[in-house]
Amino acid sequence: MGALFPPGRRDLGPGALVVPGWLDPLAQAELAASARRWIADAGGLHSPVMPTGGTMSVGMACLGWQWFPYGYRRTLDREGRLPVAPFPAELGELGRRAVADATGDADAAERYGPDVAIINHYGPGARMGMHVDRDERDPAPVVSISVGDTCTFRFGTPATRNRPWTDVVVESGDLVVFGGASRLAYHGVPKVLAGTGPPGLGITGRINLTLRRTGLS
Ligand SMILES: O=C(O)CCC(=O)C(=O)O
Numbered sequence: 177m178g179a180l181f182p183p184g185r186r187d188l189g190p191g192a193l194v195v196p197g198w199l200d201p202l203a204q205a206e207l208a209a210s211a212r213r214w215i216a217d218a219g220g221l222h223s224p225v226m227p228t229g230g231t232m233s234v235g236m237a238c239l240g241w242q243w244f245p246y247g248y249r250r251t252l253d254r255e256g257r258l259p260v261a262p263f264p265a266e267l268g269e270l271g272r273r274a275v276a277d278a279t280g281d282a283d284a285a286e287r288y289g290p291d292v293a294i295i296n297h298y299g300p301g302a303r304m305g306m307h308v309d310r311d312e313r314d315p316a317p318v319v320s321i322s323v324g325d326t327c328t329f330r331f332g333t334p335a336t337r338n339r340p341w342t343d344v345v346v347e348s349g350d351l352v353v354f355g356g357a358s359r360l361a362y363h364g365v366p367k368v369l370a371g372t373g374p375p376g377l378g379i380t381g382r383i384n385l386t387l388r389r390t391g392l393s
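Counting in my numbering, the sequence shown runs from 177 upward without gaps.
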């Protein structure tokens, strides 16, 4: 199985791994361009306000469903007036390719049908605290693809937001997939290294696309 992946592929836990260099430079540029378009389609980036009153430092745009702390809805606004931009079919294809490459399981990849994409933009000083992606009712894996600046990605266990965890460097074009026993593991992004992304992507900072299957109808 190791031969299927570039050197440096790293397991983060059962069912969780990083695939460095999953997207080549051209594919990174294409994804960055698409992300800019999708962010515009989604009405731009917003920084969600948490129930504690704090505002997330990450800018976010959603496709398919609108994530809010803590749930999903079909409209951008609470009043139900502004529909969420559709989930692009090409992101479904990218997600299936990611699952196939990460797991080597063609059947699991074919079954993978994400219906929400969360686009996270990390500008200066942005980070994401340790959390669990638990608002989905479907146990399908989370697929996470990044372009732009390098970050430290922190991956823990489902048991606690504290140690033990693994810190791994995630660069532009890297893929992270977590499912199975690690689907509900705590994870976060404690640090982004500003100005480390490849030139010519047409973005500043770091963009992460997280694909999930909500299990909602
Ligand atoms: O930016 C990342 O790599 C992680 C994003 C994330 O954890 C999330 O959207 O829940």
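Idealized CB from N, CA, C, for every residue including glycine.
Which residue from Gly-191, Val-344, Arg-272 and Val-292 puts its Cα closest to that of Ala-261?
Val-292
Under 7 Å from any heavy atom of ligand 1, does the C-beta of Thr-386 make it?
yes
State buried or exposed for Ala-335, treating a residue as buried only when at least 16 other CB atoms are found within 10 Å of its CB.
exposed
Within the continuous beta strand (DSSP E) that includes Pro-201, where are the two ends?
No beta strand (DSSP E) holds Pro-201; the alpha helix (DSSP H) holding it covers 201–217.
For Arg-330 and Gly-364, believed in contact at Cβ under 8 Å, the rounded distance:
5 Å
His-307: buried (16+ other C-beta within 10 angstroms of its C-beta) or exposed?
exposed
Between the alpha carbons of Arg-213 and Ala-265, how many angstroms are there, rounded?
14 Å
Host beta strand (DSSP E) of Ala-265 (start-end)
No beta strand (DSSP E) holds Ala-265; the alpha helix (DSSP H) holding it covers 265–279.
Would you mind reading off the limits of the beta strand (DSSP E) that contains Arg-186?
186–189
If you compare alpha carbons, which of Ile-383, Pro-245 and Arg-249 is closest to Ala-211?
Ile-383
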